[in-house]
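Below: one structure, written as structure tokens.
Residue numbers (UniProt numbering): 1 to 191.
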């Protein structure tokens, strides 16, 4: 039996609930935080040299673009890795998951045991403290997992900041929109 959250996630991933839904209708984020209008996804013009079908992210501006056609992309505001932890380079989406489980890496536990030590056994998908949020796109390079993800977050107020352990984070509702648009195999360029 599906619960309300699973139905909402499935509908959003299938595209039957759009990103234009009023803020009151967006129920995936577990807080009363209202995402600023300027942070909401929108179609924008981009350099026509950007390749359609590629995700581009700029760490400096905290923005991610899913290029749909020459000169046109869906723009998302993101949170990036804290200083010295942000991913840069090229990768590809190797896997997609709705409500993924999460486990901190050994290096995360070593660097910040007070934060990550208690989660060493991981958190199941859907857990309110799971940092991967509603969905995740897993990134690899040459067939090897980078351990970096493009994912949702239970902390929507972090958008536009350097905050995470390195992954690119979107508001859960925005992540579900991107998730529905992006196929496995999509190239990702992070600058």
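Note that the Cβ used here is the ideal one computed from N, Cα and C, for glycine as well.
So if DSSP puts residue 151 in a beta bridge, which residue, or which two residues, is it bridged to?
According to DSSP, residue 151 bridges with 136 and 169.
Checking the sheet assignment: what are the DSSP bridge partners for residue 65?
Note: residue 65 sits in a beta bridge opposite 56 and 75.
Closest by CA to residue 65, which one among 150, 185, 165 and 161?
Of the listed residues, the one whose Cα sits closest to residue 65 is 150.
Based on DSSP bridge pairs, tell me the residues matched to residue 89.
Paired residue(s): 190.
Compare the Cα-Cα distances from residue 103 to each of 147, 184 and 190 and report the closest residue.
The shortest Cα separation from residue 103 among 147, 184 and 190 belongs to 147.
Can you tell me which of the three DSSP states residue 180 falls into?
Note: residue 180 maps to helix in three-state DSSP.
Between the Cα of residue 77 and those of 111, 69, 42 and 129, spot the shortest distance and give me the residue it belongs to.
Comparing Cα positions, the closest option is 42.
Quick one: is residue 95 buried, meaning 16 or more other Cβ sit within 10 Å of its Cβ, or exposed?
Exposed, because fewer than 16 other Cβ atoms sit within 10 Å of the Cβ of residue 95.
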